[in-house]
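Below: one structure, written as structure tokens.
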């Protein structure tokens, strides 16, 4: 599939929704925020699964500023989810949201999930943004909690995305890929590795979808109109993952 062939957002005649979904670790907006905004706009996403959103002083203001720069709205998350955050275009109607804090391991960063249920066209979709632990055992346990939380959203179709902090060879990643579609593995497109931007060598960020969602393409975007390689290097310390998905109508 050529890089320009990733489908654009649309509603199909049967009510199903073709979505562009972006997962992006933004490192608390500590890098070049304007470059970050240009990357997000070039990807033209319907849904953005953010990790390391601002969590401290005036964090809501900072998240709202980023959303405004990319013509999206904040749906849920931020400090109340310990970093994960969800943004959407006005194409999405938000049914409900919930920020979830995971058990705290002493001496480690608090982790959480930003979750929502949205409707786009005729599709009802559960969403979950996550950033899993640096510790292998805790990360594996959190992957199990992610799957449980996704099930509790009660939607027929769901998307989870985030910084897994390990590659496909890891236990946590394998647990997620065993229950969900690893969208890159199903239909790879663009680049594979997400870390680090200057020397990409590992795929630690991913988009997952429940069975029944059709994966049209997934990978690190390069060569999209309006997307400049320099912005990918200066926006943050991860590369984004962009997926095009077709979600059936309910």
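Residue numbers (the numbering used here): -8 to 241. For glycine and all other residues, C-beta sits at the position ideal for the given N, C-alpha and C. Nothing here was measured: the structure is a model prediction, and the numbers come from that model.
* Asked: Thinking C-alpha only, which one of 148, -3, 23, 55 is nearest residue 223?
  -> The residue with the shortest Cα to Cα distance from residue 223 is 23.
* Rounded C-beta distance between residue 118 and residue 77? I'm assuming under 8 Å. -> Sure, about 6 Å apart at Cβ, within 8 Å.
* Which residues share a DSSP beta bridge with residue 30? -> Beta-bridge annotation (DSSP): residue 30 is not paired with any residue.
* Which residue comes first and which comes last in the alpha helix (DSSP H) that contains residue 127? -> In the DSSP annotation of this structure, the continuous segment of the alpha helix (DSSP H) that includes residue 127 starts and ends at 127 to 143.
* **Three-state class that DSSP yields for residue 219 in the structure shown** => Look at residue 219 here: in three-state DSSP terms it is coil, with no helix or strand label.
* Whether residue 155 touches residue 200 by CB criterion (8 Å) -> Residue 155 places its beta carbon 8 Å or farther from that of residue 200.
* Same chain only: Cβ atoms within 7 Å of residue 144, ignoring 5 sequence neighbours per side -> Excluding the 5 residues flanking it on each side, residue 144 has same chain C-beta neighbours closer than 7 Å at 106, 108, 117, in chain order.
* Among residues of its own chain, excluding the 5 on either side of residue 130, which ones have a beta-carbon nearer than 7 Å to its beta-carbon? -> Within its own chain, the residues whose Cβ lies closer than 7 Å to the Cβ of residue 130, once the five positions on either side in sequence are excluded, are 123, 124, 156, 157, 163, listed in chain order.
* When DSSP labels each residue in this structure, what does residue 7 get in the three-state scheme? -> Annotated three-state conformation of residue 7 is coil, per DSSP.
* Asked: Below 8 Å between beta carbons: does that hold for residue 235 and residue 9?
  -> A contact, by the Cβ cut-off of 8 Å.
* Could you give the DSSP three-state label for residue 189: helix, strand or coil? => Coil.
* List the endpoints of the continuous alpha helix (DSSP H) containing residue 59. => Residue range 50 to 60 is occupied by the alpha helix (DSSP H) that includes residue 59.
* To do: Answer yes or no: do residue 231 and residue 30 have a C-beta to C-beta separation smaller than 8 Å?
  => Remark: C-beta atoms of residue 231 and residue 30 approach each other more closely than 8 Å.
* **With 16 other Cβ atoms within 10 Å as the buried cut-off, status of residue 148** => The Cβ neighbour count for residue 148, taken over all protein chains shown within 10 Å, is at least 16; the residue is labelled buried.
* For residue 85, which three-state DSSP category applies? -> In the structure shown, the three-state DSSP call for residue 85 is strand.
* residue 40 burial status per 10 Å Cβ neighbour count (16 or more: buried) -> So residue 40 counts as buried.
* Determine the DSSP secondary structure at residue 154, reduced to helix, strand or coil. => Here residue 154 sits in strand by DSSP.
* Residue from 133, 137, 82 whose Cα sits closest to the Cα of residue 110 -> Relative to the Cα of residue 110, the nearest Cα in the group 133, 137, 82 belongs to 82.
* To do: Would you verify that the beta carbon of residue -2 is, or is not, closer than 8 Å to some beta carbon of chain C?
  => Reference to chain C is not applicable here, since this structure consists of a single protein chain.
* **Distance, residue 188 Cα to residue 229 Cα** => Roughly 6 Å separates the two Cα atoms.
* Name, in chain order, the residues that DSSP records as bridge partners for residue 167. => For residue 167, which the question treats as bridged, DSSP gives no partner whatsoever.
* To do: Using the Cα positions of residue 242 and residue 91, report the straight-line distance between them to the nearest angstrom.
  => Here the chain covers residues -8 to 241 and nothing more, so residue 242 does not appear.
* With respect to the alpha helix (DSSP H) encompassing residue 176, which residues constitute its N-terminal and C-terminal limits? -> Run containing residue 176: 174 to 177, per the alpha helix (DSSP H) assignment.
* Can you tell me the Cβ-Cβ gap for residue 60 and residue 28, rounded? I've got them flagged as a contact below 8 Å. => So it is a contact: roughly 4 Å between Cβ atoms.
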